[in-house]
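In what follows, a single structure is set out as structure tokens and then discussed.
2 protein chains.
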Amino acid sequence: MEFFSEKAVTAADKTFFQLRKEIVEGEIPSGSKLSETELSTKYSVSRAVIREAINRLESCHLVERKANVGARVVALTPEGLVELYQIREALEGMAARQAAKNMSDEEIADLTRLLTAHFQEVKTGDSYYQEAGDVDFHYRIILGSKNKHLIGMLTDGIYHLVRMYRVQLGMAGPRVTTAFDEHQHIVKAIANRDEELAELLMRRHIMYSKNNIEHKLVNKL
Amino acid sequence: MEFFSEKAVTAADKTFFQLRKEIVEGEIPSGSKLSETELSTKYSVSRAVIREAINRLESCHLVERKANVGARVVALTPEGLVELYQIREALEGMAARQAAKNMSDEEIADLTRLLTAHFQEVKTGDSYYQEAGDVDFHYRIILGSKNKHLIGMLTDGIYHLVRMYRVQLGMAGPRVTTAFDEHQHIVKAIANRDEELAELLMRRHIMYSKNNIEHKLVNKL
DNA sequence: TATGAATAAAGTGTCGACAATATAGCCGCT
DNA sequence: AGCGGCTATATTGTCGACACTTTATTCATA
Chain E
280 MEFFSEKAVT AADKTFFQLR KEIVEGEIPS GSKLSETELS TKYSVSRAVI REAINRLESC
340 HLVERKANVG ARVVALTPEG LVELYQIREA LEGMAARQAA KNMSDEEIAD LTRLLTAHFQ
400 EVKTGDSYYQ EAGDVDFHYR IILGSKNKHL IGMLTDGIYH LVRMYRVQLG MAGPRVTTAF
460 DEHQHIVKAI ANRDEELAEL LMRRHIMYSK NNIEHKLVNK L
Chain W
280 MEFFSEKAVT AADKTFFQLR KEIVEGEIPS GSKLSETELS TKYSVSRAVI REAINRLESC
340 HLVERKANVG ARVVALTPEG LVELYQIREA LEGMAARQAA KNMSDEEIAD LTRLLTAHFQ
400 EVKTGDSYYQ EAGDVDFHYR IILGSKNKHL IGMLTDGIYH LVRMYRVQLG MAGPRVTTAF
460 DEHQHIVKAI ANRDEELAEL LMRRHIMYSK NNIEHKLVNK L
């Protein structure tokens, strides 16, 4: 899943990536407390490193911190999920709009190829790669926006929280073929340089995805 | 300007607020380097406090950091401004949509009162309070969305960067009466619970504002 | 003179210890 | 027995020192 070119140069980086991974995958359960001393012994680093890692996790909205009290992993709630998807709808919609304007022809061709390759895998029915492919698709469009702030907010900011909801609610699942069709329509709109339609389709795509997840989630949280 | 209820409980808080203020207002010039040792002597706190403050400034996109090299205040560029306003358009548009859905009748009445009071000040021609009134208006709608993630991203995240552009480019200025009309239309849409229109009008409002600033900015950056 | 390696200087990254604050448990009081 | 205040403990916040990396300087060599 590391198609983000994130290389850990410092110890705080490594610890941050490790903690983020464990939180997203639920190894550190949501709602649990993050004790600085405990973590520093567990990872064999100083508390300063842990503190920096926790600060970064807070920036990703993966933990919440109170002064003089400590940090807790965020709780997963239906309201939080809805709020998150509203933000995705706004930001990724804008990303699709800008991608329709700013992606190069080669990049669009690449994206089309990705989609057909993806279609081959869909036929084999392997749902995990469906998940990865979906993330990859959205990631490319985000990059295609060429908006550095937008890219940062989505990839560094909220995408790991999205993954956290998906992983912990077990969201590898259906909606495969329908989502695939939606992806195709979006790419066509981008290829036609139709900014308005690209944004609209992306927003609908994310809204459908939200509704789908919401249904599943009723009896899980 | 402190209508955000941000109280500094810890030393790192105070340093962060102080540094943020100085960066936004240009006292620490954009593009300049932030030396940890230098700042720690200047503010009479330890480097650990400075480091935490700088980390938070990085989360706000006010400084950029490179491992083993240091942190610099972000450079103000025309491209950066455009990117920032694209994000505002997406997020505040969504905020207006959600505000039309979630604000209470009392809150809407309050907002209307704010607008008429604001109109009185516009007639006196004091442009500074126009600026404050504009920020206040947007802030209330953001809060009205009732989306915690959205509120956090806008108020903690990008709003200080928006202010930095405005302050350092000297953006107290015209567009007063037209902006006021736009505000009125937005409130009407919210009062009518017309989510679609509220979002559309807010997006247009921000787009106009962007175009206005872009024109002024040509010969400044 | 220009280039490159070796070295010195400065700055960031990391650490362990101390100080300040919040939480938990105990004791006395009503 | 229940409640409020106090003490003890544990955790976070802050500090100064050391280790490592980057950058600037110096010096030798082609």
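Respectively, the protein sequence lines represent chains E and W.
Per the numbering used here, residue 280 is the first one in the first sequence, and the count goes up by one each step.
Per the numbering used here, residue 280 is the first one in the second sequence, and the count goes up by one each step.
Note that beta-carbon positions come from the ideal geometry of N, C-alpha and C, so glycine has one too.
The structure displayed is predicted, hence computed values, not measured ones.
For residue j and residue i, the rounded distance between their alpha carbons
i: THR434(E); j: GLU474(E); result: 22 angstroms
i: MET280(W); j: THR316(W); result: Per-residue confidence for MET280(W) stands at a pLDDT of 46, beneath the threshold of 50, marking its modelled position as unreliable; the derived number appears in the next sentence. Those two C-alpha atoms are separated by around 30 angstroms.
i: PHE282(W); j: HIS462(E); result: Residue confidence is low: PHE282(W) scores 47 on pLDDT, short of 50, so the model does not pin down where it sits. Its coordinate-derived value is still stated next. Cα to Cα, PHE282(W) sits roughly 43 angstroms from HIS462(E).
i: GLU337(E); j: GLU343(E); result: 6 angstroms
i: ARG351(W); j: ILE437(W); result: 17 angstroms
i: HIS340(W); j: GLU400(W); result: 33 angstroms
i: ASN426(E); j: LYS321(E); result: 39 angstroms
i: THR294(W); j: ARG472(E); result: 47 angstroms
i: ILE421(W); j: SER323(E); result: 43 angstroms
i: ALA411(W); j: PHE459(E); result: 47 angstroms
i: PHE398(W); j: LYS286(E); result: 53 angstroms
i: ASP384(E); j: ASP415(W); result: 43 angstroms
i: GLU439(E); j: PHE296(E); result: As written in the sequence, residue 439(E) is His, which differs from the Glu given in the question. Between HIS439(E) and PHE296(E), the C-alpha separation is close to 11 angstroms.
i: ILE307(E); j: SER314(E); result: 12 angstroms
i: ILE387(E); j: ALA396(E); result: 14 angstroms
i: VAL361(E); j: LYS495(W); result: 39 angstroms
i: THR289(E); j: SER319(W); result: 22 angstroms
i: ALA249(E); j: ASN490(E); result: No answer is possible for residue 249(E): the residues shown for chain E start at 280 and end at 500.
i: MET432(W); j: MET432(E); result: 9 angstroms
i: PRO357(E); j: ALA369(E); result: 19 angstroms
i: TYR444(E); j: LEU448(W); result: 41 angstroms
i: ARG482(E); j: HIS417(E); result: 12 angstroms
i: LEU393(E); j: GLY423(E); result: 14 angstroms
i: ARG326(E); j: VAL353(W); result: 29 angstroms
i: LYS300(E); j: ASP413(W); result: 41 angstroms
i: LEU476(E); j: TYR487(W); result: 21 angstroms
i: ASN334(W); j: GLY349(W); result: 11 angstroms
i: ARG330(E); j: ARG330(W); result: 11 angstroms
i: GLY359(E); j: ARG419(W); result: 21 angstroms
i: LEU480(E); j: GLU493(W); result: 29 angstroms
i: LYS402(W); j: HIS464(W); result: 19 angstroms
i: GLY305(W); j: GLY305(E); result: 43 angstroms
Beta-carbon neighbours of residue i, restricted to chain E and to distances below 9 angstroms
i: VAL288(W); result: ALA346 and ASN347
i: VAL381(W); result: Sequence inspection shows Asn at residue 381(W); the Val mentioned does not correspond to that position. Within chain E, no residue comes near ASN381(W); the closest Cβ sits about 11 angstroms away, beyond 9 angstroms.
i: ALA327(W); result: ALA327 and ARG330
Contact belief for residue i with residue j at Cβ below 8 angstroms, rounded distance in angstroms
i: ARG367(E); j: VAL441(E); result: 7 angstroms
i: GLU371(E); j: ILE469(E); result: With a Cβ gap of about 13 angstroms, GLU371(E) and ILE469(E) do not count as contacting.
i: ALA291(E); j: VAL328(E); result: 5 angstroms
i: LEU298(E); j: ALA332(E); result: 5 angstroms
i: GLN365(W); j: GLN365(E); result: About 17 angstroms separates the two Cβ atoms, so there is no contact after all.
i: GLU478(E); j: MET373(E); result: 7 angstroms
i: VAL303(W); j: LEU390(W); result: Contact doesn't hold; Cβ gap of about 26 angstroms is too wide.
i: SER309(W); j: LEU355(W); result: 5 angstroms
i: LEU363(W); j: HIS428(E); result: 6 angstroms
Residue(s) in a DSSP beta bridge with residue i
i: ARG351(E); result: LYS312(E) and GLU343(E)
Closer than 9 angstroms at the beta carbon, the chain W residues around residue i
i: LYS427(E); result: GLU358, GLY359 and GLU362
Residues that residue i contacts on chain W, provided the C-beta gap is smaller than 8 angstroms
i: GLN297(E); result: In chain order: nothing, as chain W lies at least about 17 angstroms away.
i: GLN377(E); result: GLN365
i: LEU373(E); result: Reading off the sequence, residue 373(E) comes out as Met, not Leu. Result: GLN365, ILE366, GLU368 and ALA369.
Residues that residue i contacts on chain E, provided the C-beta gap is smaller than 8 angstroms
i: HIS494(W); result: What HIS494(W) touches in chain E: nothing, since even the nearest Cβ is about 21 angstroms away.
i: LEU370(W); result: ILE366, ALA369 and LEU370
Cross-chain neighbours of residue i in chain E, by beta carbon under 7 angstroms
i: LEU448(W); result: Correct list: empty, because the minimum Cβ distance to chain E is about 18 angstroms.
i: HIS340(W); result: HIS428
Neighbouring residues, chain W, relative to residue i (Cβ below 7 angstroms)
i: ASN334(E); result: GLU331 and ASN334
Length at least 4, wholly inside the segment 362-415 of chain E: the alpha helix (DSSP H) runs in chain order: 384-403
Can you list, in chain order, the stretches of the beta strand (DSSP E) that have 3 or more residues and sit fully within the segment 409-495 of chain W? none
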